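In this note's numbering, the protein residues as written are 8 to 519.
Backbone N, C-alpha and C define an ideal beta-carbon position, used for all residues, glycine too.
Source: prediction; values computed, not measured.
Below is the structure:
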């Protein structure tokens, strides 16, 4: 037997076919063929044996490059077994919206991803930008080592610790991330780099890079912002004006205030808000962040005043007229310019959050026709879940339930972001029970009686903290049946989040 010669002979027999080839099938003394073995069976036996021999004697070619140095020893503990299993599920697509938050929590606790999951995490993060920064902080030494060896994964290294190389040659998102991080510990250096780079950037990039000044915004940023408030680009001006009016002691607020107080006055008694729209467009307004057209407001002239209101702190109007936010909102509601005033002040609230004004605005919505859900969500998020919940809880009737004719409080409940305080969760559970008690068939309620009930159950999947999982289980386990899929989905989601939370303190597990 000579494997080096027998293998080519066997290939010729196989390629020509056992009937056409006149060559003998190589003999294998250690594996004698049975007397009745057909020629085809002899070929297959020989192929299996010779194939194994070739693999056993295979010699790898000599390396032509220096192998990489091994990864450094890990300094952070890995996830435990349960955490690794749940992370595997997240990477496989189960509840993928929880992945960024879970990775951030791991990073905050100094944990890292086990070695066996690194390739999958690196591949996932390379194509999902929102995950990259959080993923980069939990790679550990082995993960960073792997990322450096694959050009497709290398951007995660910049996400982990952006440096001036990212500023010079990185993507726009990497440059923004570098500036934002640098402003956290050296705002002056970040401002210097930004000022030097902006003249060479297209307008779209200028707007996005200038937006990084929102991190640690201070009076020292005002001179740079004032330069670009005079930009020819509307996109740049609209990025700069909301930042500039938030810098302490800036002159832009004073200029806008002088113009706005001439157009919006308080008359009476009885007290009333009087609006006088600008007579004509003033080209100098563009250098103050006012644009000729703005679709947020009713008409062309109304938009000029509306933009002024949207840039000015609402608290300034309260101090100017010595009226509370509640009083001013009621006066706005009785004005023929109610939409203009409320839209302008709501936009200003998102820019200049004031707890008193935010509470008053949400209470005003409960007393009047509520705004669309996305508008209420923005205001509630600025106020915070705990205080927004207080406003809502004070407005609930004795036995609240969802109905076909929605009450005003229903939209606010769906707008309050997480994490919910326990009092709000208990109120929501009571609302679910009361609504389901109105019918003998849960399916009928979900499909025909209340779309808000299904929306609430979905909203609670992310708004209710994992620590309240047992509270929800105790209250809902007796309510659902085979037709109550939304309740089942809520309990499943809360249970999954509860298990994720537990893995953050789980003992480290093996890497493989």
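| Cβ neighbour criterion (16 or more within 10 Å) applied to residue 228 | buried
| When you compare only the Cα positions, how much space is there between residue 234 and residue 371? | 39 Å
| task | Answer with buried or exposed for residue 19, where buried requires no fewer than 16 other C-beta atoms within 10 angstroms of its C-beta. | result | exposed
| query | In terms of residues, what are the limits of the alpha helix (DSSP H) holding residue 272? | reply | Note, residue 272: premise wrong, no alpha helix (DSSP H); beta strand (DSSP E) at 271-274.
| Near residue 517, which residues of its chain fall below 6 Å by C-beta distance, leaving aside the five closest residues on each side in sequence? | none
| said: Does the beta-carbon of residue 210, which I'm using as the reference point, lie nearer than 7 Å to any heavy atom of the ligand ATP? | reply: The ligand ATP is not part of the structure shown, which contains no ligands of any sort.
| Counting only runs that start and end within the stretch 279-363, where is the beta strand (DSSP E) found for 3 or more residues in a row? | 279-282
| task | Could you tell me which of 149, 146, 145, 133 sits nearest to residue 162, measuring between CA atoms? | result | 133
| said: Comparing C-alpha positions only, which one of 264, 298, 293 sits nearest to residue 322? | reply: 264
| message | Taking the straight line between their C-alpha atoms, what separation do you get for residue 343 and residue 280? | response | 9 Å
| How many angstroms separate the CA atom of residue 423 from the CA atom of residue 292? | 37 Å
| message | Going by DSSP, what residue range makes up the alpha helix (DSSP H) through residue 176? | response | 171-176
| message | Here's the rule I'm using: 16 or more other beta-carbon atoms within 10 Å means buried, otherwise exposed. How should residue 417 be labelled? | response | buried
| What are the boundary residues of the alpha helix (DSSP H) that residue 182 is part of? | 179-190
| query | For residue 119, does the three-state DSSP call read helix, strand or coil? | reply | strand
| request: Would you identify the three-state DSSP class for residue 214, choosing helix, strand or coil? | output: helix
| request: Specify the secondary structure class of residue 412 as computed by DSSP and reduced to three states. | output: coil
| field | Boundaries of the alpha helix (DSSP H) in which residue 427 is found, first to last residue | value | Counting along the chain, residue 427 falls outside any alpha helix (DSSP H), and DSSP gives it neither H nor E.
| task | Return helix, strand or coil for residue 143, following the three-state DSSP convention. | result | helix
| query | Which residue's Cα is closest to the Cα of residue 427: 61, 470, 421? | reply | 470
| request: Specify the secondary structure class of residue 454 as computed by DSSP and reduced to three states. | output: Only weak support exists for where residue 454 lies, its pLDDT of 48 falling under 50; the value from the coordinates is given anyway. In the structure shown, residue 454 sits in a helix (DSSP, three-state: H, G or I).
| Does the stretch 355-369 come close enough to the stretch 298-305 to have 3 or more Cβ pairs within less than 8 Å? | no
| request: Could you tell me the distance, in whole angstroms, from the CA atom of residue 30 to the CA atom of residue 16? | output: 8 Å
| task | Could you tell me whether the stretch 148-155 touches the stretch 179-194, using the rule of 3 or more Cβ pairs below 8 Å? | result | no
| Can you name the residues that DSSP bridges to residue 85? | 119
| said: What would DSSP say about residue 16, mapped onto helix, strand or coil? | reply: helix
| Just reading off the alpha helix (DSSP H) that residue 499 is part of, what are its end residues? | 492-510
| request: Could you check the C-alpha separation between residue 419 and residue 79 for me, to the nearest Å? | output: 52 Å
| Is DSSP giving residue 400 helix, strand or coil here? | helix
| query | Using the rule of at least 16 other Cβ atoms within 10 Å of the residue's Cβ for burial, across every protein chain shown, is residue 108 buried or exposed? | reply | exposed
| task | Grab me the residues of residue 478's own chain with a C-beta within less than 8 Å of its C-beta, minus the 5 sequence neighbours each way, in chain order. | result | 429, 432, 433, 436
| query | Excluding sequence positions up to five away, which residues of its chain have a Cβ less than 8 Å from the Cβ of residue 374? | reply | 415
| task | Output yes or no for whether 8 Å exceeds the beta carbon distance between residue 380 and residue 421. | result | yes
| message | Looking only at its chain, what residues have a beta carbon closer than 6 Å to the beta carbon of residue 205, apart from the 5 residues adjacent to it on each side? | response | 213
| query | How close, in whole Å, do the beta carbons of residue 355 and residue 318 come, if the pair is a contact with beta carbons under 8 Å? | reply | 7 Å
| field | 8 Å Cβ cutoff met for residue 261 and residue 270 | value | no
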